[in-house]
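Encoded as structure tokens, the structure appears first; notes follow it.
In the numbering used here, the protein residues as written are 50 to 462.
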């Protein structure tokens, strides 16, 4: 989004000399989208951004392979079954991700992490990572973030970064880091209808620039007690002939990745916390687009937060039954008491998948029982995709096998 920031040392004019203390030059890098035709930032490096010492395969194996949802079924996936409940997993927030659902536009993964991740960048698309629980530091070439429960971290394509979970034993931190990663094959932005023609968030948007947290810094190698000349391995996810067209490479750089002395522009990672989302409500039940927070190519991201609900005297607050003829609906239940799903077995840490072509809505009794309810205490993250979602290994491992029949009280022979 076109929201300018700057940090650290910069020359007065772009594409001009910025001298280092020895009289040599820092190296300017343009990081830009759509081939010089969209948002960009200028970063000033100590070392040559293109210099690599080695390249090797990052073996992703079949971890990104998917299986079609066939026969077509609504599904309940229990993500908390994927990792040890005490959070002692030995996994990191990058290589430890387990693919739950995916298609050619977007992949949804889940991880419980207690280990520092390798340095990493996604060369395929932007990432939107939601923190279900826990805390973490994230170090990036743009600066650092301190993340807490409810944060969305937006990471632009090709941003080098790493995750450092706050784990039990760290002062003030007890819960494990539970992260819900949405990886696009495109850029992920605020919805266009929220933005002015110049890129400012408009008055009808449910959040504004004041709610966005940018990176803190500047952050250099010495700030994390590393040597400037330390060779560093960076894991890169990129296009290739692997499952879903994705493969990995590990580059070895002759210097530490935190070598940016300054940057400015409109392309950088940022954080938005779900508590700052201002829900839009109405006299009767509002459709899902009012809950939208971000969008990518062929998918949208929405959040459902605690809110007052419909005030028409004859309103039915839970959703009406609906057929998603153009989209699959993936709902991740984070907190609260989700009225429409009572009696289905769905709870915190669940995903419901309602595929296009299947009419769905509240569980039996929820429609009637919602009459007279004035507020909902629920927190969920929803992804709607406009191509069918397939099951990753994490989705196949956690399918309860029963949700499809919950509207009739169980499968019938």
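Beta carbons: idealized from backbone N, C-alpha and C, even for Gly.
Is DSSP giving residue 97 helix, strand or coil here?
coil
Do residue 458 and residue 413 have their C-beta atoms within less than 9 Å of each other?
yes
Please identify the residue among 311, 110, 196, 111 whose C-alpha is closest to the C-alpha of residue 60.
311
Looking at residue 122: is its Cβ nearer than 9 Å to the Cβ of residue 407?
yes
What residue does the beta strand (DSSP E) around residue 447 start on, and which one ends it?
No beta strand (DSSP E) holds residue 447; the alpha helix (DSSP H) holding it covers 442 to 447.
Cα separation between residue 384 and residue 427?
6 Å
To the nearest angstrom, report how far apart residue 150 and residue 58 are at their CA atoms.
42 Å
Would you call the CB atoms of residue 226 and residue 142 closer than 9 Å?
The answer is yes: Cβ separation under 9 Å.
Can you tell me which of 434, 56, 394, 195 puts its alpha carbon nearest to the alpha carbon of residue 454?
394
Check residue 308 in the structure and name its three-state DSSP category.
Of the three classes helix, strand and coil, the one that applies to residue 308 here is coil, per DSSP.
Less than 9 Å between the beta carbons of residue 298 and residue 424, yes or no?
no
For the pair the segment 432 to 445 and the segment 373 to 382, tell me if three or more CB-CB distances fall below 8 Å.
yes
May I ask you to verify whether the segment 325 to 332 touches the segment 290 to 308, counting CB pairs closer than 8 Å and requiring at least 3?
no
In the DSSP assignment, what are the bridge partners of residue 383?
For residue 383, which the question treats as bridged, DSSP gives no partner whatsoever.
Could you check whether the segment 259 to 271 touches the segment 183 to 194, counting it as contact only if at least three pairs of C-beta atoms, one from each stretch, sit closer than 8 Å?
yes
Would you mind listing the alpha helix (DSSP H) stretches within the segment 378 to 426 that are 4+ residues and don't spill past its ends, in chain order?
415 to 418
Measure from the alpha carbon of residue 326 to the alpha carbon of each residue in 120, 440, 355, then state which is nearest.
355
What residues match up with residue 487 in a beta bridge as DSSP calls it?
Coverage of the chain is limited to positions 50 through 462, which leaves residue 487 absent and any answer about it impossible.
How is the beta strand (DSSP E) around residue 106 delimited, first residue to last?
103 to 107
Alpha carbons only, please: which of 419, 388, 343 is nearest the one belonging to residue 365?
419
Whole angstroms is fine: what's the gap from residue 196's alpha carbon to residue 224's?
The alpha-carbon separation between residue 196 and residue 224 amounts to approximately 13 Å.
Measure the alpha-carbon distance for residue 295 versus residue 286 and round it to whole angstroms.
7 Å
Report, in whole angstroms, the separation of the C-beta atoms of residue 159 and residue 131, which I expect to be a contact under 8 Å.
6 Å
According to the neighbour-count rule (16 or more other Cβ atoms, all chains shown, within 10 Å of its Cβ), is residue 21 buried or exposed?
This structure leaves residue 21 out entirely; the chain is present only between 50 and 462.
In its own chain, which residues sit with a C-beta less than 7 Å from the C-beta of residue 98, not counting the 5 before and 5 after it?
76, 78
Tell whether a beta-carbon distance below 9 Å holds between residue 144 and residue 167.
yes
Going along the chain, which residues of its own chain have a beta-carbon closer than 7 Å to the beta-carbon of residue 101, five neighbours each way excluded?
300, 301, 302
In chain order, which beta strand (DSSP E) runs of at least 3 residues are fully inside the segment 221 to 297?
Counting only runs that start and end inside the segment 221 to 297, the beta strand (DSSP E) elements of at least 3 residues fall at 226 to 233, 281 to 288.
Along the chain, where does the beta strand (DSSP E) containing residue 112 start, and where does it finish?
First-last for residue 112: undefined, no H or E at that position.
So residue 421 and residue 370 are in contact, right, with Cβ under 8 Å, and what is the actual spacing, rounded?
In fact, because the Cβ distance is near 20 Å, the residues do not count as touching under 8 Å.
Checking the sheet assignment: what are the DSSP bridge partners for residue 324?
Under DSSP, residue 324 takes part in no beta bridge, so it has no partner.
Assuming residue 391 and residue 429 are in contact, meaning their beta carbons sit under 8 Å apart, how far apart are those beta carbons, in whole angstroms?
Between residue 391 and residue 429, the beta carbon gap of about 14 Å keeps them out of contact (Cβ cut-off 8 Å).
So residue 350 is in the beta strand (DSSP E); what residue range does that whole segment cover?
It spans 348 to 353 - the beta strand (DSSP E) in which residue 350 sits, taken as one unbroken run.
When the Cα of residue 239 is compared with those of 343, 165, 323, 255, which residue comes out closest?
343
Going by DSSP in three states, residue 128 sits in which element: helix, strand or coil?
Helix, per DSSP.
Report buried or exposed for residue 320, applying the criterion of at least 16 other Cβ atoms within 10 angstroms of its Cβ.
buried
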